[in-house]
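Under the UniProt record's numbering, the first residue of the sequence shown carries the number 1, and numbering increases by one thereafter. Cβ coordinates follow ideal geometry from the N, Cα and C atoms, glycine included. Data first, discussion second: the structure below is written as structure tokens.
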Amino acid sequence: MGTLAIIASVILGISFMTFVAFFGRIPALRNTPISFLHRLIFIHLPSSVVSLDRLLTNGRLTTSLTRLAHYLWYDQHPTILIFFFLLLSVGEYLYLPVAWPLLSRTHKFLGTISIILPYLFLYLSAFTDPAHITPSTHVREMARYPYDFSLFHPGTICETCRLLKPARSKHCSICKKCVGRMDHHCIFINNCVGANNQRWFILLLLSTAILTSYGGLLGLDIIRTKIQVRFPYWTLLPWWTSRAAWQSGELDFHRWLVLWTWGLQSGVAMGSVTLLALLTTPLVWGLLGYHLWLVYCGTTTNESMKWQDWQAEMDEGGVYKRKIEGRERVKDLKVEPAWTRWPVEAEQILVRTDDGKPPRESHRLPGEGNEWEAVWRLKDVENLYDIGLWDNLVDVFCPYFMFREARGRGSPVDEREFGRERGRGRRRSS
Ligand SMILES: [Zn+2]
Ligand SMILES: [Zn+2]
Numbered sequence: 001m002g003t004l005a006i007i008a009s010v011i012l013g014i015s016f017m018t019f020v021a022f023f024g025r026i027p028a029l030r031n032t033p034i035s036f037l038h039r040l041i042f043i044h045l046p047s048s049v050v051s052l053d054r055l056l057t058n059g060r061l062t063t064s065l066t067r068l069a070h071y072l073w074y075d076q077h078p079t080i081l082i083f084f085f086l087l088l089s090v091g092e093y094l095y096l097p098v099a100w101p102l103l104s105r106t107h108k109f110l111g112t113i114s115i116i117l118p119y120l121f122l123y124l125s126a127f128t129d130p131a132h133i134t135p136s137t138h139v140r141e142m143a144r145y146p147y148d149f150s151l152f153h154p155g156t157i158c159e160t161c162r163l164l165k166p167a168r169s170k171h172c173s174i175c176k177k178c179v180g181r182m183d184h185h186c187i188f189i190n191n192c193v194g195a196n197n198q199r200w201f202i203l204l205l206l207s208t209a210i211l212t213s214y215g216g217l218l219g220l221d222i223i224r225t226k227i228q229v230r231f232p233y234w235t236l237l238p239w240w241t242s243r244a245a246w247q248s249g250e251l252d253f254h255r256w257l258v259l260w261t262w263g264l265q266s267g268v269a270m271g272s273v274t275l276l277a278l279l280t281t282p283l284v285w286g287l288l289g290y291h292l293w294l295v296y297c298g299t300t301t302n303e304s305m306k307w308q309d310w311q312a313e314m315d316e317g318g319v320y321k322r323k324i325e326g327r328e329r330v331k332d333l334k335v336e337p338a339w340t341r342w343p344v345e346a347e348q349i350l351v352r353t354d355d356g357k358p359p360r361e362s363h364r365l366p367g368e369g370n371e372w373e374a375v376w377r378l379k380d381v382e383n384l385y386d387i388g389l390w391d392n393l394v395d396v397f398c399p400y401f402m403f404r405e406a407r408g409r410g411s412p413v414d415e416r417e418f419g420r421e422r423g424r425g426r427r428r429s430s
């Protein structure tokens, strides 16, 4: 029980820390114990260690540690990618020699596929250009999305890249480049998740979720069979079909647990991998669900944080929207592309004011003649980048499809009218 309990608690601890690291910064979990723990572990604890060290050794110890931590967190290096690769490979190396001979032909076939796919999608997510914005790709990236005049406004220049920032792009401080439709920088793939590799990233999450669930359940079944050969009255769950054994006193909770441990210990390596797979499964499905939810909402991790900031502003008051008219004025400044491949254009402008009053005359760009309307809820704001589940999926999984469609329709000037009938962006659903 001793070693097994240690292995299980280490695995559980690592899974929990990873969970906090991943989900602690998600806007939906703001003001929850998860975000509190995230702040405690990743902000308050390191800063108190730093101040203690400053007091004791004049900061000598932490300077080198900070440099290492900074390198690990803010530089592009494949450490975590290699760790992930090794986790998969070592897990399979420990698991397969025990499990493989016991599997049926169908499970061998399905198992082979579910082992190969995570490697394939890991390779594709890590080595596909996520849509880096360089002088040679800038025109294409500018034509990807129109500005929504809420989160993204024309005319902003990236200080580092010295290029106009396309709508939905973000500069990645780790890759040191701007990325088209930036979602987030993922240390597991040592790459940004952007317009061109988000599909591979989602498929990586899906294939990993299937692998850990499948491997975990198969491992559980193998352990169950092994125990039942010696103790036929034992069952996986204490109250399942072994009620008679429990009633006759042949099994009690303690003995049930002891037999569990006996089964796991008779193959510690495979048992540990099975436990690891089962414990990480909810994390992987959770991450997949979160990313699919973002696709459903037509947004990105980066944008959902910006929306959350808008909600905070709305709570305080001083956020106003207005219908846009006179769009040509902005286009004339040559900071907006003449056309984009996106089927809809912005119809609303969202602004915040410091004094809580509607914007004054000088703010009246680019629409004039309309009255400002106070906004209190995100539901009342249109998300230009949400064009319905199906088209959102097409945009993520076939990023070049809409470019092709746009190109087939004539000159860029005519493109301004293209696809208008496909419907406006939907209202924000969160
Ligand atoms: Zn940049
Ligand atoms: Zn990056």
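Under the three-state reduction of DSSP, Tyr320 is assigned to strand.
Under DSSP, no beta-bridge partner is assigned to Gln76. Taking C-alpha positions only, Thr79 is separated from Phe253 by approximately 43 Å. Restricting attention to His291, Val335, Gly388 and Ser173, the CA atom closest to the CA of Tyr71 is found in Ser173. Cβ neighbours of Phe149 within its own chain (closer than 6 Å, five residues either side excluded): Ala346 and Ile349. DSSP places His171 within a strand segment (E or B) once states are collapsed to three. Closest by C-alpha distance to Leu204, out of Ile133, Thr225 and Leu287, is Leu287.
For secondary structure counted as the beta strand (DSSP E) over 3 or more consecutive residues, the UniProt domain "Palmitoyltransferase DHHC" (154-308) holds these complete runs in sequence order: 170-172, 177-179, 184-186 and 191-193. Counted as a single uninterrupted DSSP element, the beta strand (DSSP E) harbouring Val351 occupies residues Gln348 to Arg352.
Comparing alpha carbon positions, the residue from Phe188, Glu159 and Leu164 closest to Lys176 is Glu159. Secondary structure at Ile6: helix, using DSSP grouped into helix, strand and coil. In terms of side-chain proximity, the C-beta atom of Cys192 is found nearer than 7 Å to a non-hydrogen atom of ligand 2. Bridge partners of His132 according to DSSP: Val179. The region 249-269 makes contact with the region 217-232: 3 or more CB pairs, one atom from each, lie closer than 8 Å.
Taking a 10 Å sphere around the C-beta of Asn58, we find fewer than 16 other C-beta atoms and assign the residue as exposed. At least one heavy atom of ligand 2 sits closer than 7 Å to the Cβ of Ile174.
Between the alpha carbons of Leu122 and Leu81 lies a distance of about 9 Å.
In the pairwise beta carbon analysis, the region 332-344 is classified as touching the region 138-154: at least three pairs are separated by under 8 Å. Here the distance from the Cβ of Lys177 to the nearest heavy atom of ligand 1 is below 7 Å. Remark: three or more beta-carbon pairs, one from each stretch, lie closer than 8 Å, so the region 371-389 and the region 300-311 are flagged as touching. Between Ala167 and Tyr147, the C-beta spacing is below 8 Å.
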